[in-house]
Amino acid sequence: MEKKKGGGPPRSEELPPVPYGKLFRWGWIVVRGAFFAFAVSTLLGIVNLLIQQLQAQLVGAIVSRLQTAGMPEGAAKRGEGDLLSALIPAQPTHAFGFLAALTVGGVLTILAERATTTWSDTLMLARLQRKLHDRLLELGPSYHSEHASGETTAIVWRYANGAQMLLRDLVSFPVVRGIGLATAVVLIFQNLARLGDTPLVFKLVLLAGVLATPIISARGAKGLRAAFQKVRASDVAANEELQNSLAAPLEVQLMGAIPQRSKAFGDRALAHARNRLRASMKNDLAGQARSSIPRLLQLGFLGYGIMLATQSGDPAAAGAVVAVHALVPLALQPLQDLVMFFNSIGMAWPECESVIEILERPTDVSDPADPKPLPAGSSPIVLDDVVFTYPGRAKPVLDHVSFTFDAGKCFAIVGASGSGKSTIMSLVARLSDPASGRVRIGATDLKSVRLADLRKKVVRVAQFPLFVADTVRANFQLAKADATDEEIEEVARATGLWDVLTSASPSAPLDTLLPRDVAQGLSGGQRRLLAVSRALLLKPSVLLLDEPSAGLDNITLQKLIRFLKTQTEGLTVLVIDHDLEGFVAKIADGIAILEDGKIALSGTHDELMKSDNLYKRLVEAPNKEALAPPPAAAPIPKPASMLEGMMTEIDPPMMDEVDMPPMKKEKKEKKG
Numbered sequence: 067m068e069k070k071k072g073g074g075p076p077r078s079e080e081l082p083p084v085p086y087g088k089l090f091r092w093g094w095i096v097v098r099g100a101f102f103a104f105a106v107s108t109l110l111g112i113v114n115l116l117i118q119q120l121q122a123q124l125v126g127a128i129v130s131r132l133q134t135a136g137m138p139e140g141a142a143k144r145g146e147g148d149l150l151s152a153l154i155p156a157q158p159t160h161a162f163g164f165l166a167a168l169t170v171g172g173v174l175t176i177l178a179e180r181a182t183t184t185w186s187d188t189l190m191l192a193r194l195q196r197k198l199h200d201r202l203l204e205l206g207p208s209y210h211s212e213h214a215s216g217e218t219t220a221i222v223w224r225y226a227n228g229a230q231m232l233l234r235d236l237v238s239f240p241v242v243r244g245i246g247l248a249t250a251v252v253l254i255f256q257n258l259a260r261l262g263d264t265p266l267v268f269k270l271v272l273l274a275g276v277l278a279t280p281i282i283s284a285r286g287a288k289g290l291r292a293a294f295q296k297v298r299a300s301d302v303a304a305n306e307e308l309q310n311s312l313a314a315p316l317e318v319q320l321m322g323a324i325p326q327r328s329k330a331f332g333d334r335a336l337a338h339a340r341n342r343l344r345a346s347m348k349n350d351l352a353g354q355a356r357s358s359i360p361r362l363l364q365l366g367f368l369g370y371g372i373m374l375a376t377q378s379g380d381p382a383a384a385g386a387v388v389a390v391h392a393l394v395p396l397a398l399q400p401l402q403d404l405v406m407f408f409n410s411i412g413m414a415w416p417e418c419e420s421v422i423e424i425l426e427r428p429t430d431v432s433d434p435a436d437p438k439p440l441p442a443g444s445s446p447i448v449l450d451d452v453v454f455t456y457p458g459r460a461k462p463v464l465d466h467v468s469f470t471f472d473a474g475k476c477f478a479i480v481g482a483s484g485s486g487k488s489t490i491m492s493l494v495a496r497l498s499d500p501a502s503g504r505v506r507i508g509a510t511d512l513k514s515v516r517l518a519d520l521r522k523k524v525v526r527v528a529q530f531p532l533f534v535a536d537t538v539r540a541n542f543q544l545a546k547a548d549a550t551d552e553e554i555e556e557v558a559r560a561t562g563l564w565d566v567l568t569s570a571s572p573s574a575p576l577d578t579l580l581p582r583d584v585a586q587g588l589s590g591g592q593r594r595l596l597a598v599s600r601a602l603l604l605k606p607s608v609l610l611l612d613e614p615s616a617g618l619d620n621i622t623l624q625k626l627i628r629f630l631k632t633q634t635e636g637l638t639v640l641v642i643d644h645d646l647e648g649f650v651a652k653i654a655d656g657i658a659i660l661e662d663g664k665i666a667l668s669g670t671h672d673e674l675m676k677s678d679n680l681y682k683r684l685v686e687a688p689n690k691e692a693l694a695p696p697p698a699a700a701p702i703p704k705p706a707s708m709l710e711g712m713m714t715e716i717d718p719p720m721m722d723e724v725d726m727p728p729m730k731k732e733k734k735e736k737k738g
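Residue 639 in this note's numbering sits at position 573 of the sequence shown; the count goes up by one each step and never skips.
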C-alpha cells in the first residue's frame with residue numbers, strides 16, 4: 067500500500083472493509099465521557115419519533131370519528147378493542163385535544179433533544195480533542211515522521227468533530243431508529259386490519275420495500291466511500307500547501323515566489339473543490355434513489371386503502387386510510403436513516419480512521435512492569451552493542467555500537483549528516499529503543515526506568531526549544547509543573563537570567579510575557595540561556611545539547627561556552643554541534659566520531675587533530691557551509707493579534723560585552 071504524497075490516506079485498489087467492531091468499541095468510549103447527557107438525548111429522540119407516529123394516528127382517528135358522527139351506535143365497530151382503540155380517545159374533541167397536547171409536547175421534546183445533544187456533543191468533542199492532543203504528545207518519532215503537522219492539525223481540529231458525531235450516532239442511531247421502525251410497522255398493520263384482511267401480496271410488497279431500501283443504498287455506498295476518501299486526501303493536501311505558503315510569507319515575497327506559491331495552492335484547492343463536487347453529486351443521486359422507494363410505497367398503499375375502504379362501505383375506514391398514508395413514510399424513514407447512516411460511516415471512515423489511528427497507535431517506548439530507579443548523582447552513559455534501524459531502511463544507522471561516555475564529562479558526538487548522532491541522543495533520552503543491545507546510565511538499563519523518572523534526570527535542550535506565549539513562570543513550569551517562584555528564582559540567579567528579568571519587570575519578573583514566535587522576539591543567545599536555565603531547574607544528571615551554537619555570533623558563542631562550562635560542571639553532557647573548532651573543541655572533554663554506523667574513533671580535539679581521520683577532515687574542510695546542518699523549519703508566523711512589547715534582548719552578567727538591550731515587560735493595553 068503506497069502513501070500519497072502530501073499526506074492523506076494510502077492508495078489502494080480495493081477499499082478495506084469498515085471495522086464496525088472497532089467503531090462500536092470507540093463509540094462507547096466516546097459517549098462515556100458524557101453518558102448522562104447522551105442517555106437523555108437518546109431517550110428524547112425515541113419519544114420524539116413516537117410522538118410523530120401517534121400524531122399521524124390521531125389525525126386518522128379524528129377523520130374516522132367525524133365520518134361516523136351521528137350514525138347509529140354499532141354502525142362502525144370494526145377494530146374496537148385493538149391497540150389503537152386503547153391509545154385514541156373516543157370523542158373527536160378529546161382526540162383533537164390530545165393531538166394539540168402532543169404537538170406542543172413534540173416541539174418541547176425537539177428543543178430538549180437538540181439542547182441535550184449539543185451539550186453532550188460539546189463534552190464529548192472536548193474530551194476527544196484532548197485525548198488526541200495528549201496522545202500526539204506521547205507518540206514518538208515513528209508517528210511524527212510519517213505525518214505532516216498540517217495533517218495532524220486537521221485531524222484534531224476538523225476531523226475529530228465528524229468522528230465524534232459518527233461514534234456517538236453509532237451507539238444511539240440504531241436504537242432510536244430501530245424502535246421507530248418497529249412501532250410504525252405495528253401501527254400500519256393495525257390500521258390495515260381495520261380495513262379488512264390484508265392480502266399476503268401487500269405484506270410482501272411492504273417487506274420488499276423495506277428490503278429494497280438498504281439494497282439500493284448499498285450499491286452506491288462503495289462509490290460514495292471512495293469519493294469521500296478522495297475529498298479527505300485533497301483536503302489534507304490543500305491544507306499542507308497553505309501551511310507551506312504561510313510558514314514564511316516574507317521569504318516568499320523576497321524570493322518573488324508569490325506566483326509559484328499561488329499556482330501550487332490554487333491547483334490543490336481546485337482539485338479539492340472538484341472532489342467535493344463529485345462526491346456531493348454522487349451523494350445527492352443516491353439520496354434521490356433512496357427517497358423514491360417510500361414515495362412509491364406510499365402511493366401503492368394509498369390506492370390499496372381507498373379500494374378496501376370503498377368495498378367495505380364503512381365510513382370509519384377513511385380514517386384508517388389517512389393513517390396508513392401518513393404512517394408508511396414514518397415506517398420507512400427510520401430504515402432510510404439507518405441505511406444512510408451506515409453509508410455515511412463508509413464516507414466518514416477515512417477521517418475517523420485518522421482519529422482512531424492516533425488513539426490506538428502504540429508509543430515507541432513504554433514504562434516497564436517492574437521499574438528500577440536511576441543511580442543517584444552523575445553516572446556514565448553506556449551503549450552496549452546497540453543496533454538501531456529506521457523503518458523502511460535495510461542498513462542500520464547504528465551497527466553494534468559500544469561506547470562509554472564518562473560520568474561528569476562533556477562529550478561531543480561528531481559525524482557526517484545522517485551518521486546517527488541524533489539517533490544516539492534519542493536513544494539516551496529514550497524517545498526510541500534500540501532494536502538490540504542496551505543503553506545504560508551506570509548499571510541501569512533505560513528500559514527498566516519509568517519514563518517520568520527518566521525525564522527528570524535526562525534533559526534535552528533542543529536546537530529550537532519549545533516556548534509558549536505565556537509568562538516566564540509558565541515556560542519554566544513546562545519542565546516542572548510544581549516549580550515554585552523560589553525555585554525558578556534560584557536557578558535564574560545562578561544562570562544570570564534573574565537580573566535580566568528584574569530589569570524588565572522589577573515588581574513581577576516571572577510575569578514577563580514571552581511572544582508566541584520566540585524566534586522573532588529573542589536572539590539565539592537568549593533562547594539558549596532561557597532553555598538551559600529551564601533544563602537546570604530539574605537538577606538533571608545528564609544534559610543533552612542539540613546544536614547549541616547554531617545561529618550565534620562569535621562574541622555570544624564565547625559567552626555561551628563559559629556559561630555552559632560553569633553551569634554544567636559535574637553533569638554528564640552530550641553535545642551535537644557543527645562548529646567543531648569554535649565550539650566543540652573548547653567545551654568537550656572528549657569527542658566520539660561516528661562513521662559507517664559505528665564509533666570509529668574517540669579522543670580530545672588535540673589528539674584527533676594529530677592523525678588523518680574524519681574529525682580532522684571535517685575541521686579542515688574548506689567549505690564548511692557544505693557540512694552545516696540542513697535549514698531549520700520555518701518559524702511559526704506571527705499572528706495579527708500578537709501582544710505588543712515582546713521580550714527583546716537578554717543581557718546576563720556573563721554576556722555583558724554583547725550589545726543586547728533589556729527586554730521590555732509585555733504591555734497589557736493594545737495599541738490603538
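The beta carbon of each residue, even a glycine, is placed where N, CA and C say it ideally should be.
What you are looking at is a predicted structure, and each value in this text was computed from that prediction instead of being measured.
- One Cα belongs to L203, the other to F530, and the distance between them is close to 17 Å.
- In this structure, F454 lies near T489, with their beta-carbon atoms less than 8 Å apart.
- Put simply, the backbone Cα of Q319 is about 33 Å away from that of V527.
- Following the DSSP letters along the chain, one finds I221 in no beta strand (DSSP E), marked with neither H nor E.
- In this structure, M413 is the residue among M413, L630, V525 and S502 with its C-alpha nearest to the C-alpha of S346.
- If the five residues before and after P400 are omitted, its C-beta is found closer than 6 Å to the C-beta atoms of R243, G246 and L247, all from its own chain and listed in chain order.
- Straight through space, the alpha carbons of R196 and A226 are spaced by roughly 10 Å.
- As DSSP reads the structure, S668 sits in a beta bridge with A658.
- In the three-state scheme derived from DSSP, where H, G and I count as helix and E and B as strand, T622 is classed as helix.
- Counting along the chain, D451 sits inside no alpha helix (DSSP H); it lies in the beta strand (DSSP E) bounded by residues I447 to F454.
- Using a Cβ distance threshold of 8 Å, I447 and T638 count as a contacting pair.
- Looking at the backbone, the Cα of Y681 and that of F629 are separated by about 25 Å.
- For D465, the uninterrupted beta strand (DSSP E) run begins and ends at L464 to F471, by DSSP.
- The shortest C-alpha to C-alpha distance from H671 to any of F294, C476, M321 and V452 is the one to C476.
- Taking all protein chains shown into account, S573 has fewer than 16 neighbouring C-beta atoms within 10 Å of its C-beta and is therefore exposed.
- Of the residues L115, A250, V685 and L116, the one whose Cα lies closest to the Cα of L393 is A250.
- Counting C-beta pairs with one atom in each stretch, the stretch 642-662 and the stretch 468-483 have three or more that are closer than 8 Å, which means they touch.
- Leaving aside the five residues that flank L290 on each side, the residues in its chain whose CB is nearer than 8 Å to its CB run, in chain order, A345, K348, N349, A352, N409, G412 and M413.
- Residue range P158 to E204 is occupied by the alpha helix (DSSP H) that includes G171.
- Just measuring C-alpha positions, the residue of E635, G617 and I621 sitting nearest H644 is G617.
- Taking C-beta atoms as the reference points, L110 and E217 fail to come closer than 8 Å.
- For T429, the secondary structure class from DSSP, reduced to helix, strand or coil, is coil.
- Here DSSP, grouped into helix, strand and coil, assigns D519 to helix.
- Taken through DSSP and simplified to helix, strand or coil, R594 comes out as helix.
- Distance from the Cα of A501 is smallest, within the candidate group N305, P462 and R521, for P462.
- The three-state reading of DSSP puts L579 in strand, counting E and B together.
- Bridge partners of D612 according to DSSP: I642.
- By alpha-carbon distance to Q592, the top candidate from L512, L567 and L610 is L567.
- For V534, no beta strand (DSSP E) encloses it, and the DSSP letter there is neither H nor E.
- Spanning the alpha carbons of T182 and L604 requires a straight line of approximately 46 Å.
- The C-beta of Q402 has 16 or more other C-beta atoms within 10 Å across all chains shown, which makes the residue buried.
- Between the beta-carbon of A103 and that of L205 there is about 30 Å, and that puts the pair past the 8 Å contact cut.
- Between V96 and Q256, the C-beta spacing is not below 8 Å.
- The C-alpha of S107 lies about 23 Å from the C-alpha of A122.
- Within its own chain, the residues whose Cβ lies closer than 6 Å to the Cβ of A666, once the five positions on either side in sequence are excluded, are I659, listed in chain order.
- DSSP places G648 in the helix class (H, G or I) of the three-state scheme.
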